[in-house]
Each structure stands twice: as structure tokens, then as C-alpha cells.
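Report on the structure given below.
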Amino acid sequence: PQDRTGATAMWAASRRVVGAVARRSAWGGRARALSSYEFDSPAATLSERWPRSRSNMMVNLCAEGEKVIVERLGRFHAVHEAGWFFSLPIVDRLAYVVDMRERQLEVALESGAPTKDHVVVLASGTLWITLADAYKAAYGSSNPFTAVRHQAQLALRTAVGEFALDDLSEGRQLVGDRVVEALRDSTAPFGVEVRGFAVADVSPENRLVSEAMATLAVTRRQQEHVRAESEGAADAAKLKAEAIGFEAKANADAVREIAQANADALRLRAAAAADAISTVARVLRTDADRDAAKFVLAQDHIHQASAHAFKFDGFPIDQPNAAHRDRTSFLPPDPLPLDKDAPHGPTPDDAQQRHPQ
């Protein structure tokens, strides 16, 4: 009975100890689990925090954007994604909590790197990576972020050595592409996927070289300003010459059109005169027609002569018996009927009788 009582007491004591330890680990694990579930907490945003683990609550929660690696009796058992999952206490351990979201790593050369023209420079940049494979990230390296940073430093040093100092400031995108190409295959065993690399700063290690580069940059900017002004002046002169050419061409076109219009008018007048002459020639085919035309022309000539007979310097001259004479007597006579036997046109005697003065 004494042995039975002692064994019972020892069993009860062990149960109390195990219960206390379990309660303490459960509350602590719950607090740690809640803090790790908050993505915005300072502890969760540290990219250098590796590995991240969590206490086994038997009913566990995996947050969105994370994966939980469970080990059973020290060996890999399963990878759980976002959601609830069950695990055996004491037997299972939540060994790794892998954040699968994209993150940034600051990469800087610890010492100067020589360029192609043997100038030592200091370079730094930003590397964007994601953990594509949770299993490789957990078991491929003791710390995948440190391994990736070291390889990025080596790749950056190699890329800087392929360019001259003057080309580094303008070829930063090419340097970033070289670094990404070098890391794409070397980081695959760690489960890391390299998204991109951007060169932040490239500066010579020697202060004198930095001052010389600054002076050279100012000189280049001044040369570009002068070149831009010269090109602007040349373009303005070219545009002005083109405007003058357009104006001269427009004036020449206007003069050509006026000359063409005048030529067309002269051509039309000549054609009209030719038509008139042809018409007169067709009418005056016989002697009687030609005599009639002569009579009309002579009558028109006499009419014009009588209109200007009594004017001197624009003033009329008094004539005798002007009040007793009909003013219409100075008008030319009416056309006489043509007779083949009678003489055509007025005779001198008729003109003397009608105009005695």
C-alpha cells in the first residue's frame, strides 16, 4: 500500500507539472501566434528575421500570404497554406512560417569595386525577391536572405567591372539587368525568385574623382544648353527661309495667274475682232453692200464733224442767224434710199445747200 500511495503521489505531481508547462507554453504560443499573424507589426516586417516559427495549438491558423512547414518527430511532414489545420501536440512542430510576399533587400558593396577603366567606385541598390518555394527556402539554406544578399553583392561587383565610369551613370538599367541574370539561376536552390534590381547610387571612392565628375557634368550640361540654343536658332532661320520661299512662290503664282488672265483676255479680244471682221467680210460680198457701208461710214464722219464744227477750246462760237435757224439742221440727213442708177451717197451740191457756211 505504501508503494501504491507513493506512486499515486508521484503521478499526481507529474501531472501537475506537465499541466503547468502545457498551460504556460499554450499561452505563450498563443501570444506569439497572434503577434506573427499581424503582418504590419515591426517584428513581422523585418526581412532578416529567419527562421520564423510558431507554437503548436493543435488547431492552428495560417495567414493569407504565408505557408507553414510542419515537422513531425524532427522530419518534414507537410506544408500548409492559408486557413485552419490540425496538428498533433508534442509530436508535430510548426518549424517554419514562410512569408511568400514580395520583399526588398538593400544591397551595398562593402568595399570599392574597380570599373573597366580602373576607377574604384562604391555602388548600392535595391533587390526585389519572393520566396517561390517554401520547402527550398526552409531547407536549402540556413538563411536564404543572407545568401541572396551575398550573391547579389558579387553579381553587382562583376557588373560594375564590365562598364567604364562614364557609362555607369547612363547604363544603370543595364547593370541591373546583368545582376538579375546572374542571380536568376544561382538563387533557385534557395527557393528565391529574383524580380528585379535597381542601382541606387554609384560614386567614386576617391573624393578628387567625385569632384572631377561633378565638374565634367556641369560642363556637359552647359554644352548641351549651347547646342540646344544653336539648334533652335538654326531651326528658326530654316523656318524663316521656308516662309520667304513660300511667299515668293505665292507671288510668282499670282503674277503668273494675272499674266495668264491678260493673255486670255487679249486672245478673246482678238477672237472677237476676228469674228467681227469675218462677219463684215461675209456681209460685204457685193458692190452694193460695200457702197452702203461706205455711205454709213461717211454719214457717221459728217455727224462727228458737225458736233465739233463750232467749238474752239471747248467754247461755242456765235453764228449768224442762229436764233432763226432750226438747231436740227446741223444733224446729218436721213439715209437715202439706194438706187442702182442714182449715185450713192450725198453729192457736194446737197452738202452745200444744207450747210451754206
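In the numbering used here, the protein residues as written are 7 to 363.
The C-beta atom is built at its ideal place from N, Cα and C for all residues, glycine as well.
At a Cβ-Cβ threshold of 8 angstroms, G89 and V113 do not count as neighbours.
Between N66 and F91, the gap from beta carbon to beta carbon is short of 8 angstroms. Around the CB of H86, 16 or more other CB atoms lie within 10 Å, so the residue is classed as buried. Distance check between D139 and each of E211, Q228, F301 and V200 places V200 closest, using alpha-carbon atoms only.
Classified as exposed, I250 has fewer than 16 neighbouring CB atoms from the shown chains inside 10 Å of its CB. DSSP places S59 in the coil class of the three-state scheme, outside both helix and strand. Apart from sequence neighbours up to five positions away, the residues of its chain that approach A204 with a beta-carbon distance below 6 angstroms are G131, T132 and G182, ordered along the chain. In the three-state scheme derived from DSSP, where H, G and I count as helix and E and B as strand, N66 is classed as strand. Counting only residues of its own chain and dropping the five nearest sequence neighbours on each side, E211 has a CB closer than 7 angstroms to the CB of G118, V126, V127 and L128. A distance below 8 angstroms separates the beta carbons of V154 and L111.
Annotation: the continuous beta strand (DSSP E) that includes F82 extends over R81 to H86.
With a cutoff of 8 angstroms on beta-carbon distance, K122 and F169 are scored as near each other.
Between S148 and A101, the C-beta gap is not smaller than 8 angstroms, which leaves the two residues out of contact. Partner residues in a beta bridge of R275, as assigned by DSSP, do not exist. In this structure, T152 and M106 do not form a Cβ contact; the two beta carbons are roughly 19 angstroms apart against a cut-off of 8 angstroms. Per DSSP, L128 is one residue of the beta strand (DSSP E) stretching across V126 to L137.
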